[in-house]
Structure formats: structure tokens, C-alpha cells
Amino acid sequence: MFVPDSTEPLCCALLQAQERHQLFPSTPGDEARIVLVGVSGGADSVCLLHLLLRFAPLWNLALHVAHLDHNVRPDSAEDGAFVRELAANWDLPFHTRLLAQAEIDAADNNLEAGLRRLRYGFFADVAASLAGSASVAPTVAVAHTADDQAET
126 MFVPDSTEPL CCALLQAQER HQLFPSTPGD EARIVLVGVS GGADSVCLLH
176 LLLRFAPLWN LALHVAHLDH NVRPDSAEDG AFVRELAANW DLPFHTRLLA
226 QAEIDAADNN LEAGLRRLRY GFFADVAASL AGSASVAPTV AVAHTADDQA
276 ET
């Protein structure tokens, strides 16, 4: 069984949070809990994916990677390719979508808020498609740095 290294503060903090808050409760029988991890390619979401990979066997998690290409930065396609490669390297299912310019234009007066709404809509759609015959709805996991707006 997986035992986190007590010298790794992040692993220990996540283990304590799981024990205290049941972030990923057990599912009936041997069914794995589906966890859709939103990965932008930034340090925070890549770190979350790494951590969940470490704990997936212990907590019986079936990880999926989701990436929404907002299509607002010239290098956004590179981010998507990086995330796709991460998922492939770890044999994780990968779900992606490229926003159309019309969606971006209609997003909101506040572009950041509009893109956030579209991103969470994408995550909800993917999670719903993964629900299938699972007895427990998929969990969506996202990461944020200290200066990000809390979205969860």
C-alpha cells in the first residue's frame, strides 16, 4: 500500500486534508472514484495532477485530465500539447476542447470571469459524460495559487 513520505510536506498536507475532510470518499465495492483533474499546464495544476497520481492507488482514484484551450494567447496550443503529453506519459484519459472566437467574444464584459464560466462548463460537461453507469458522480479537482481567485 502507498505510504506518503513524511518528509514531503505537500503529500502530508493532502493526506491530512483527506483524513479530516474526506475529499475523495470511498465508493461502493471496488469501484474507483472518477476524478477529472483540470490541468492548464501551469505549475499549480501540474502539481495537483502529480499529487493525485501519487495518491490514486491508495484512494482508488481513476484520474482523467481535462484541458480547455481558451484560445486567447498565442502560445495556448503549446500548453495544450504539454498537457496532452503529460496525460499520455501517465496513461491517463485526456479530454480537451478549443474555444471558438465567438464563444470568447460572447463570454462576458469581464473576460476572465467569462472564461472561468466556460472552463467550468466544460468540466461539468466532461464529468457528466464520464458519469455513465458509475454509482458516484465524478469529482472535479482544480488547483490555484495563493494569488488566484478562489473558484471552489
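So for the sequence shown, the numbering used here puts the first residue at 126; every next one is plus one.
Beta carbons are placed, not taken as given, at the ideal position from N, Cα and C, and that holds for glycine.
Bear in mind the structure is a predicted one, so any value in this text is a computation, not a measurement.
How about W184 and R145: do their beta carbons lie closer than 9 Å? For the purposes of this step, residue 184 is taken as residue 59 along the sequence shown, with counting starting at 1. For the purposes of this step, residue 145 is taken as residue 20 along the sequence shown, with counting starting at 1. Using a Cβ distance threshold of 9 Å, W184 and R145 do not count as a contacting pair.
Below 8 Å on the Cβ atoms is my guess for L161 versus A191; work out the distance and round it to an integer in Å. Indexing the sequence shown from 1 puts residue 161 at position 36. Indexing the sequence shown from 1 puts residue 191 at position 66. That belief holds up - the Cβ atoms of L161 and A191 are roughly 5 Å apart, short of 8 Å.
Counted within 10 angstroms of its Cβ, other Cβ atoms place S258 as buried (16 or more) or exposed: Counting from 1 along the sequence shown, the entry for residue 258 is found at position 133. Burial call: exposed.
Give me whichever residues DSSP pairs with V162 in a beta bridge. Residue 162 sits at position 37 when you count from the first residue of the sequence shown. BP columns for V162 point to V190, A266.
Please state whether DSSP places T277 in a helix, a strand or coil. Reading the sequence shown from its first residue, position 152 is the one you call residue 277. Low per-residue confidence applies at T277: pLDDT is 41, beneath 50, and the placement is therefore not dependable, though the value from the model is reported in the following sentence. Three-state result, T277: coil.
Between S170, L240, G163, which lies nearest to R198 when the distance is taken from Cα to Cα? Numbered from 1 along the sequence shown, position 73 holds the residue referred to as residue 198. Selected option, being the one with the closest Cα: L240.
Separation of R242 from G252, as counted between CA atoms: Against the sequence shown, residue 252 aligns to sequence position 127. Against the sequence shown, residue 242 aligns to sequence position 117. According to the sequence as given, residue 252 is Ala; it is not Gly. So the alpha carbons of these two residues sit roughly 15 Å apart.
Identify, in the order they occur along the chain, each residue of the same chain with its Cβ nearer than 6 Å to the Cβ of A249, setting aside the five sequence neighbours on each side. Translated into positions along the sequence shown, residue 249 becomes position 124. Excluding positions up to five away in sequence, the list is empty.
Coarse secondary structure for H220, derived from DSSP in three states: Within the sequence shown, numbered from 1, the residue matching residue 220 stands at position 95. Residue state, collapsed to three classes: strand.
With a cut-off of 8 Å on the beta carbons, I'd call H220 and H189 a contact; round off their distance for me. Along the sequence shown, one-based indexing puts residue 220 at 95. Along the sequence shown, one-based indexing puts residue 189 at 64. Right, their Cβ atoms sit about 6 Å apart.
If you check the beta carbons only, do L193 and G163 fall under 9 Å apart? Within the sequence shown, residue 193 is the residue found at index 68, counting from 1. Within the sequence shown, residue 163 is the residue found at index 38, counting from 1. The answer is yes: Cβ separation under 9 Å.
Does the Cβ of Q141 lie closer than 8 Å to at least one heavy atom of the ligand GTP? Here there are no bound small molecules, and the ligand GTP is not part of this structure.
Return yes when the Cβ of S165 is within less than 9 Å of the Cβ of D204, no when it is not. Position 79 of the sequence shown, counted from the start, is the residue given in the question as residue 204. Position 40 of the sequence shown, counted from the start, is the residue given in the question as residue 165. Closer than 9 Å, so yes.
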